[in-house]
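A.B. asks: Numbering (our numbering), first residue to last: 4 to 79.
A virtual CB, placed ideally from N, CA and C, is assigned to each residue, including glycine.
Remember, it's a predicted structure, so these values are computed and weren't measured experimentally.
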Amino acid sequence: MVYQIVGRVCENERKAWAEATEKAIGGYIGFVFENRILTKPMINCRIESGCFAITTPTGQLEEMKQVFQKLSEKMP
4 MVYQIVGRVC ENERKAWAEA TEKAIGGYIG FVFENRILTK PMINCRIESG
54 CFAITTPTGQ LEEMKQVFQK LSEKMP
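1) Quick one: which unbroken alpha helix (DSSP H) runs of 4-plus residues sit fully inside the region 4-74? Chain order, please.
2) Compute the Euclidean distance between the alpha carbons of F71 and F34, then round it to the nearest angstrom.
3) When the Cα of E66 is compared with those of P79, V12 and R39, which residue comes out closest?
4) Is the beta carbon of I32 closer than 7 Å to that of I46?
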């Protein structure tokens, strides 16, 4: 089984997200949660929509479930 956390940067931060992803083309952007890098995908293009997805790294299914639960608790 694979877990995936899908999200979107809030409206007022989308321009900054688009600019950051444009600057990172060919490089990586890290997703950090509780002072730990969850994943660092390679960026292939500017992402205007603000959408993103974090997929379970191999062998870290239980850890990703815990991250999802903690994030869910913080959502309004």
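C.D. replies: Let me spell this out:
1) 17-26
2) 13 Å
3) R39
4) yes
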